[in-house]
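S.K.:
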Amino acid sequence: DWGYALAEREYGDRVFTWAEYDRIKEAKGEDAANKAQSEALAAGKMLVKDVIADAFLQQILLRPSEYDVVATLNLNGDYLSDALAAQVGGIGIAPGANINYVSGHAIFEATHGTAPKYAGKDMVNPSSVILSGVMMFEYMGWNRVAKLIVKGLERAIRKKRVTYDFERLMKGATKLKCSEFGTEIINNM
1 DWGYALAERE YGDRVFTWAE YDRIKEAKGE DAANKAQSEA LAAGKMLVKD
51 VIADAFLQQI LLRPSEYDVV ATLNLNGDYL SDALAAQVGG IGIAPGANIN
101 YVSGHAIFEA THGTAPKYAG KDMVNPSSVI LSGVMMFEYM GWNRVAKLIV
151 KGLERAIRKK RVTYDFERLM KGATKLKCSE FGTEIINNM
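As numbered in the numbering used here, residues 1 to 189 make up the sequence shown, in order.
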């Protein structure tokens with residue numbers, strides 16, 4: 001409940017909480033609560049709803065399009081991001097960003113670890129780092145650059161010219177070294 005209270009107090013003009021929905025439903029009925037929620041969302045407010053972690057993991061895997069922003073604690077966030085990354089090929093493709101919206105400072109990084117056993121072998125998927133760079137360019141307003149990189153990456157994957165982690169998941173794919181995959185992305189921009 002403290003999370004709802006904080007959201008309503010600090011961001012009341014930008015959020016509509018599930019607790020607010022419940023209060024309206026109790027006082028005026030479900031139709032009034034549904035109407036209030038619809039109006040809030042139409043006005044650009046964000047819906048704040050809490051859920052138990054294990055139930056949420058199932059919900060987001062089965063219905064990911066229902067979620068735009070997920071605010072969670074670090075460990076649960078790590079589990080969620082890795083599980084969602086698996087839906088699109090694995091953590092080798094998931095970008096990461098840490099943004100301080102007060103100061104404007106930002107750090108963009110791969111979401112996976114360093115995998116020392118692969119160091120110097122020219123085999124790992126660089127997509128996580130590349131897409132983190134895309135996020136950085138978007139944050140800086142360099143949208144044309146970001147779109148060009150995404151275009152090259154998407155085309156390389158569509159042509160099934162990929163690193164080992166994707167190759168083993170794609171029938172008829174050609175396995176490329178990390179450096180070859182980078183060249184493939186550039187050639188497809």
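C-beta: ideal position from N, C-alpha, C; glycine also.
Note that the coordinates shown come from a computational prediction; the quantities given were computed from them, not determined experimentally.
1) Cutting at 8 Å between CB atoms, please list the residues of its own chain near S179, excluding the five before and the five after it.
2) Just list the beta strand (DSSP E) runs in the stretch 28-110, keeping only unbroken ones of 3 residues or longer that don't cross its boundaries, in chain order.
3) Is L153 buried or exposed, if buried means 16 or more other CB atoms sit within 10 Å of its CB?
4) Quick one: Cα of E26 to Cα of R168, how far?
5) Within a Cβ cutoff of 7 Å, which residues of the same chain sit near E138, ignoring the five residues on either side of it in sequence?
6) I need the DSSP call for T17, collapsed to helix, strand or coil.
7) Using only alpha-carbon positions, find the residue among V51, S65, T72, S103 that is nearest to A19.
8) CB-CB under 7 Å to A40, same chain, minus the five flanking residues each way: which ones, in chain order?
9) Whole-angstrom Cβ separation of T111 and A85, contact assumed at under 8 Å?
10) Excluding sequence positions up to five away, which residues of its chain have a Cβ less than 8 Å from the Cβ of Q37?
11) What does the alpha-carbon distance come out to for the pair A115 and G92?
12) What is the DSSP secondary structure of T174, counted as helix, strand or coil?
13) For the candidate residues R161, R158, V134, K160, whose alpha-carbon lies nearest to that of L148?
14) Closest by CA to I130, which one among M140, V162, A94, A119?
15) Verify whether the separation of the beta carbon atoms of R144 and N188 is less than 7 Å.
16) Would you mind sorting S128 into buried or exposed? The rule is 16 or more other CB atoms within 10 Å of its CB.
M.R.: On the basis of the data shown:
1) Stepping through the sequence shown from its first residue, residue 179 is reached at position 179. Beyond the five residues adjoining it in sequence on each side, S179 comes within less than 8 Å, by CB distance, of D122 in the same chain, given in chain order.
2) Those beta strand (DSSP E) runs which fall completely within the stretch 28-110 and span 3+ residues are 46-48, 95-99, 106-110.
3) As a working note, residue 153 is residue 153 in the sequence shown. L153 comes out buried.
4) On the sequence shown, residue 26 is found 26 positions in, with the first residue counted as 1. On the sequence shown, residue 168 is found 168 positions in, with the first residue counted as 1. Straight-line Cα distance between these residues: approximately 53 Å.
5) Reading the sequence shown from its first residue, position 138 is the one you call residue 138. Answer for E138: A146, listed in chain order.
6) Working through the sequence shown from its first residue, we reach residue 17 at position 17. Looking at T17 - three-state DSSP - the assignment turns out to be strand.
7) By 1-based counting over the sequence shown, the position of residue 19 is 19. Of the candidates V51, S65, T72, S103, V51 places its Cα closest to the Cα of A19.
8) By one-based count along the sequence shown, residue 40 stands at place 40. The answer, listed in chain order, is F16.
9) Here residue 111 refers to the residue found at position 111 of the sequence shown. Here residue 85 refers to the residue found at position 85 of the sequence shown. About 7 Å; that satisfies the 8 Å criterion.
10) Counted from its first residue, the sequence shown places residue 37 at position 37. For Q37, the CB contacts under 8 Å within the same chain, skipping 5 residues up- and downstream, are F16, Y21, L47 in chain order.
11) Reading the sequence shown from its first residue, position 115 is the one you call residue 115. Reading the sequence shown from its first residue, position 92 is the one you call residue 92. Annotation: A115 to G92 spans about 11 Å, alpha carbon to alpha carbon.
12) Translated into the one-based positions of the sequence shown, residue 174 becomes position 174. Here T174 sits in strand by DSSP.
13) Along the sequence shown, one-based indexing puts residue 148 at 148. Checked all of R161, R158, V134, K160; the closest Cα to L148 is V134.
14) Counting from 1 along the sequence shown, the entry for residue 130 is found at position 130. Out of M140, V162, A94, A119, A94 has the C-alpha closest to the C-alpha of I130.
15) Position 144 of the sequence shown, counted from the start, is the residue given in the question as residue 144. Position 188 of the sequence shown, counted from the start, is the residue given in the question as residue 188. The beta carbons of R144 and N188 sit no closer together than 7 Å.
16) As a first step, residue 128 is located in the sequence shown; it is residue number 128 there, counting from the start. Burial call: buried.
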